[in-house]
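With this note's numbering applied, the sequence shown corresponds to residues 600 to 749, in that order.
Don't be surprised by glycine CBs; every beta carbon is placed ideally from N, CA and C.
To keep things clear, I will list the structure first and then write my remarks on it.
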Amino acid sequence: MKVVLQRVSEASVTIDNQKVADIQKGLLILVGIEDLDTQEDIDWLVGKIIKMRIFGDENHVMNCSVQDIDGDIIVVSQFTLHAAVKKGNRPSYLKASKPEFAIPMYENFVNGLEKDFGKKIQTGIFGADMKVNLLNDGPVTILIDSKNRD
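Structure, rendered in structure tokens:
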């Protein structure tokens, strides 16, 4: 699994001109799933994300997690994170999982975050044409690939 964590001052997801997710301070998480992903990948990522200290403390040092600041989280499915761009100019998405596999993994990821975070996680809608709006705070953007745990 690949995720992009973005520390945001605000973020929202709109589908067909209707806002389906809306947060203030917290994390916008883009997640891409491939067929090699397992529950172990989900568990590892969830633990990392909830404890990731990327929010400023009283001295403006990144010492706080999203949980520490009582922030919120939006998760958006993003198959294009698995784009292969070595050949030609049109990305290939062969590594991205098909919905039959990806949807249950996506749901398990969101459920795992909710369980460890202790509050509701907002989401987009898997496979929908979404308009994602965010105000990146910092900017702080972190890429995590569960296959690179070193």
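query: Residue span of the beta strand (DSSP E) that contains P738, given as start and end; result: K730 to D744
query: DSSP three-state assignment for E633, whether helix, strand or coil; result: strand
query: Contact test: D621 Cβ vs the ligand MN heavy atom, cutoff 8 Å; result: No copy of the ligand MN occurs in the structure displayed, which carries no ligand at all.
query: Segment limits, alpha helix (DSSP H) that includes L604; result: L604 -> not in any alpha helix (DSSP H); beta strand (DSSP E) instead, spanning K601 to I614.
query: S676 burial status per 10 Å Cβ neighbour count (16 or more: buried); result: buried
query: Exposed unless 16 or more other CB atoms sit within 10 angstroms - verdict on D671; result: buried
query: The segment 726-734 touching the segment 650-667, judged by at least three CB pairs closer than 8 Å; result: no
query: Spatial neighbours of Y705 in its chain, beta-carbon cut-off 7 Å, leaving aside the 5 residues before and after; result: V630, I632, S676 and F725
query: Beta-bridge pairing of A682 - partner residues as DSSP gives them; result: Bridge partners of A682: none, in fact.
query: contact_flag[the segment 617-624, the segment 691-708] where n(CB pairs < 8 Å) is 3 or more; result: no
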